[in-house]
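Structure first, then comments.
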Amino acid sequence: MNVRTMLGAGIALLIPLPLVLTTSSLLQPNLPEYVRGRQVSPVFTPEERSRFQTYHRNCGTRVGCDPPLGCLFDARARALYCADSQCFTDAQCPDGHVCRLLATARQDPVVRYCVPVGIRKEGERCVEISDTQEGACGPGLHCSSAGNFCGRPCSLDDANTCPPHFFCVDDYPEPLCLPTCEKSGCPEGQHCIRHEEGASACARVFGPQCQQTPCPTGQTCEFMHASHLPDRIWSECELRCGKDFPPCPDGRVCDGWACEQPCDPKGPNTCDDGYRCFQRRPSSPWVCHPDW
Numbered sequence: 001m002n003v004r005t006m007l008g009a010g011i012a013l014l015i016p017l018p019l020v021l022t023t024s025s026l027l028q029p030n031l032p033e034y035v036r037g038r039q040v041s042p043v044f045t046p047e048e049r050s051r052f053q054t055y056h057r058n059c060g061t062r063v064g065c066d067p068p069l070g071c072l073f074d075a076r077a078r079a080l081y082c083a084d085s086q087c088f089t090d091a092q093c094p095d096g097h098v099c100r101l102l103a104t105a106r107q108d109p110v111v112r113y114c115v116p117v118g119i120r121k122e123g124e125r126c127v128e129i130s131d132t133q134e135g136a137c138g139p140g141l142h143c144s145s146a147g148n149f150c151g152r153p154c155s156l157d158d159a160n161t162c163p164p165h166f167f168c169v170d171d172y173p174e175p176l177c178l179p180t181c182e183k184s185g186c187p188e189g190q191h192c193i194r195h196e197e198g199a200s201a202c203a204r205v206f207g208p209q210c211q212q213t214p215c216p217t218g219q220t221c222e223f224m225h226a227s228h229l230p231d232r233i234w235s236e237c238e239l240r241c242g243k244d245f246p247p248c249p250d251g252r253v254c255d256g257w258a259c260e261q262p263c264d265p266k267g268p269n270t271c272d273d274g275y276r277c278f279q280r281r282p283s284s285p286w287v288c289h290p291d292w
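Numbering-wise (the UniProt record's numbering), the sequence shown opens with residue 1 and increments by one.
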């Protein structure tokens with residue numbers, strides 16, 4: 001075979017290659033994306049979403065989602081529901097928002113959501129999906145899955161990637177710096193409150209000091225916070241009520257699956273310091289609620 005024949009044969013072989021590559025890419029389905037061992041839910045079209053019976057339905061321990069939807073907690077709705085991703089990059093989000101990868105319940109596929117860039121500082125409490133800037137982390141910070149603290153990304157192999165009084169925690173989807181006050185202590189009037197994954201933060205406590213003095217048998221020490229009041233925290237020894245639980249003891253009423261202190265909005269204030277008389281909805285009883 002002469003050189004001209006060889007060149008002609010080579011060109012003949014090369015010509016179909018783009019067509020072959022294009023055809024194979026069309027025939028090959030989109031492969032699922034994984035981040036640190038967990039599948040990422042894609043962004044579906046409205047038509048595709050309508051095919052999922054559980055889309056935007058409530059989910060939880062007993063009720064799952066159609067894969068690859070994820071069971072996501074949305075603080076704006078105060079509920080867990082089945083969701084897909086909203087974005088791939090920041091460019092697909094509204095102004096003042098960024099695209100963040102968020103963990104889900106039940107080890108479901110994780111989702112990418114547009115969340116606002118807020119004003120919360122490093123080490124302050126945050127809301128993963130906040131409806132305001134007050135509850136969201138500032139630029140370059142992420143709201144941790146563990147304890148909901150604003151933190152910068154860090155390296156588990158290098159403690160120097162976190163500032164003083166912070167330590168690196170293997171959070172999802174990436175390690176973050178969480179605060180600690182175990183060694184540094186707190187200003188007068190505040191207490192060092194322990195949270196998930198070893199994190200701790202100074203705060204003025206309203207309610208019982210149940211981390212120092214254990215709650216009575218059958219009750220659990222619970223904490224509540226408001227992201228716009230980062231130096232305060234509300235604690236209670238929670239006693240569950242409602243279906244499958246015994247009735248509340250005398251002097252308490254059942255509200256939101258917990259026995260609470262009742263109050264009269266028209267009478268004198270009987271709530272403790274830092275609490276106010278509050279009604280969740282018209283059919284709910286008036287109870288003492290954190291004053292935020």
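Just so you know, even glycine gets a beta-carbon here, dropped at the ideal spot from N, CA and C.
Cβ-based neighbour list, residue i, same chain, cut-off 6 Å, excluding 5 preceding and 5 following
| i | result |
| --- | --- |
| HIS56 | TYR81 |
| HIS195 | GLY147 |
| GLN107 | none |
| THR23 | With a pLDDT of only 36 at THR23, under the threshold of 50, the placement of this residue in the model should not be trusted, and no figure is reported. |
| GLU182 | SER200 |
| CYS241 | CYS248, CYS254 and CYS259 |
First and last residue of the uninterrupted alpha helix (DSSP H) at residue i
| i | result |
| --- | --- |
| GLU47 | 46 to 49 |
8 Å contact criterion, which residue i and residue j should meet: CB distance rounded
| i | j | result |
| --- | --- | --- |
| CYS177 | CYS192 | Incorrect: roughly 17 Å between the Cβ atoms, too far for contact. |
| PRO68 | GLN86 | With a Cβ gap of about 14 Å, PRO68 and GLN86 do not count as contacting. |
| ARG120 | SER227 | 6 Å |
| CYS263 | THR270 | 5 Å |
| GLU238 | GLN219 | 6 Å |
| GLY70 | VAL110 | 6 Å |
Own chain partners of residue i with C-beta closer than 7 Å, once the 5 adjacent residues on each side are dropped
| i | result |
| --- | --- |
| GLY256 | ARG280 |
| GLY189 | ARG204 |
| CYS168 | CYS154, SER155, LEU156, ALA159, THR161, CYS162, PRO175 and CYS177 |
| ASP74 | TYR81 and ILE129 |
| THR89 | CYS99 |
| PRO187 | CYS202 |
Enclosing beta strand (DSSP E) for residue i [first to last residue]
| i | result |
| --- | --- |
| GLN39 | 38 to 40 |
| ASP90 | Counting along the chain, ASP90 falls outside any beta strand (DSSP E), and DSSP gives it neither H nor E. |
| ALA79 | 79 to 83 |
| PRO94 | Premise fails: PRO94 is in no beta strand (DSSP E) and is neither H nor E. |
| VAL287 | 287 to 290 |
| CYS277 | 275 to 278 |
| ARG34 | Residue identity differs from the one stated: residue 34 is Tyr in this sequence, not Arg. Unbroken beta strand (DSSP E) run through TYR34: 33 to 35. |
| GLY64 | No beta strand (DSSP E) holds GLY64; DSSP gives it neither H nor E. |
| CYS71 | 70 to 74 |
Rounded C-alpha distance that separates residue i from residue j
| i | j | result |
| --- | --- | --- |
| GLU222 | PRO265 | 25 Å |
| MET245 | CYS277 | This sequence places Phe at residue 245; Met is not what is there. About 25 Å. |
| GLU47 | TRP292 | 41 Å |
| CYS137 | GLY151 | 8 Å |
| ASP145 | GLU128 | The amino acid at residue 145 is misidentified as Asp; the sequence shows Ser. Spanning the two alpha carbons is a distance of roughly 8 Å. |
| ASP84 | CYS126 | 22 Å |
| VAL287 | GLN53 | 38 Å |
| ARG252 | PRO285 | 11 Å |
Cβ neighbours of residue i in the same chain (closer than 8 Å, five flanking residues each side left out)
| i | result |
| --- | --- |
| ILE15 | With a pLDDT of only 40 at ILE15, under 50, the local geometry of the prediction cannot be trusted, and no value is derived from it. |
| LEU21 | Any reading at LEU21 must be qualified, since the residue scores a pLDDT of 36, below 50, and its modelled position is unreliable; the value itself is stated next. There are no such residues. |
| PRO94 | CYS114 |
3-residue-minimum beta strand (DSSP E) runs that sit fully inside the stretch 112 to 177, ordered along the chain: 166 to 169
Whole beta strand (DSSP E) elements within the stretch 191 to 257, 3-residue minimum: 191 to 194, 200 to 206, 220 to 224, 232 to 238 and 253 to 255
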